[in-house]
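Visitor: Attaching a single structure in structure tokens format; questions to follow.
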Amino acid sequence: MLKKIPKLLSPELVRVLMEMGHGDELVLADAHFPGHSLHNRVLRYDGVGIPALLDAVLELLPLDHYVPHQAAFMAVVEGDPSVPEVWSVYEAIFAKHDGSATVEYEERFDFYSRSRQSYAIVVTGEEALYGNIIIKKGVVTAEGC
Numbered sequence: 431m432l433k434k435i436p437k438l439l440s441p442e443l444v445r446v447l448m449e450m451g452h453g454d455e456l457v458l459a460d461a462h463f464p465g466h467s468l469h470n471r472v473l474r475y476d477g478v479g480i481p482a483l484l485d486a487v488l489e490l491l492p493l494d495h496y497v498p499h500q501a502a503f504m505a506v507v508e509g510d511p512s513v514p515e516v517w518s519v520y521e522a523i524f525a526k527h528d529g530s531a532t533v534e535y536e537e538r539f540d541f542y543s544r545s546r547q548s549y550a551i552v553v554t555g556e557e558a559l560y561g562n563i564i565i566k567k568g569v570v571t572a573e574g575c
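Following the working numbering, the numbering of the sequence shown begins with 431 at its first residue and continues without gaps.
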């Protein structure tokens, strides 16, 4: 145990966050996401929802403000009437940690392609439809310390 590191974060995930460089991306994936078929660096957080994990990760991870959007959500598939309520939960968590963070929406297969290029995928127990997020790591500034 260490001080100031959220208890939800495993040593493996803290290591991944430390290893990532600015511009690297981390996928927080729902329980349905094909993480193991897309990437060889997959961490499992079965039983943990993305909102709690996102909140814990953003305690440590600075977001990249040298790009137009700091995060991406998987867009609703055309013709699907779903309205992902979890997105407003995620937006509130981003606002809590970084009030200027913005989100873009990636088509499902574009999201998968982008996930292949990520630093790691964290597969969670999240069951909300369209609950997947990609976050882009930035740099720690004097204001962010």
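Beta carbons are placed, not taken as given, at the ideal position from N, Cα and C, and that holds for glycine.
Going residue by residue through the stretch 472-502, where are the continuous alpha helix (DSSP H) segments of at least 4 residues, counting only ones entirely within it?
Guide: Taken in chain order, the unbroken stretches of alpha helix (DSSP H) that lie wholly in the stretch 472-502 and span 4 residues or more are 480-490.
Visitor: Can you give me the C-alpha to C-alpha distance between residue 484 and residue 520, rounded to a whole angstrom?
Guide: Taking the straight line from one Cα to the other gives about 8 Å.
Visitor: Given this structure, state the Cα-to-Cα distance separating residue 470 from residue 518, to the nearest angstrom.
Guide: 30 Å
Visitor: How far does the beta strand (DSSP E) with residue 533 in it extend, from its first residue to its last?
Guide: Run containing residue 533: 533-536, per the beta strand (DSSP E) assignment.
Visitor: Taking only three categories from DSSP, how would you classify residue 556?
Guide: Collapsing the DSSP output to three states places residue 556 in coil.
Visitor: Would residue 500 be called buried (16 or more neighbouring beta carbons within 10 Å of its own) or exposed?
Guide: buried
Visitor: Evaluate contact between the stretch 490-508 and the stretch 555-564, counting only Cβ atoms and requiring at least three cross-stretch pairs below 8 Å.
Guide: yes
Visitor: To the nearest angstrom, report how far apart residue 550 and residue 473 are at their CA atoms.
Guide: In a straight line, the C-alpha of residue 550 is about 8 Å away from that of residue 473.
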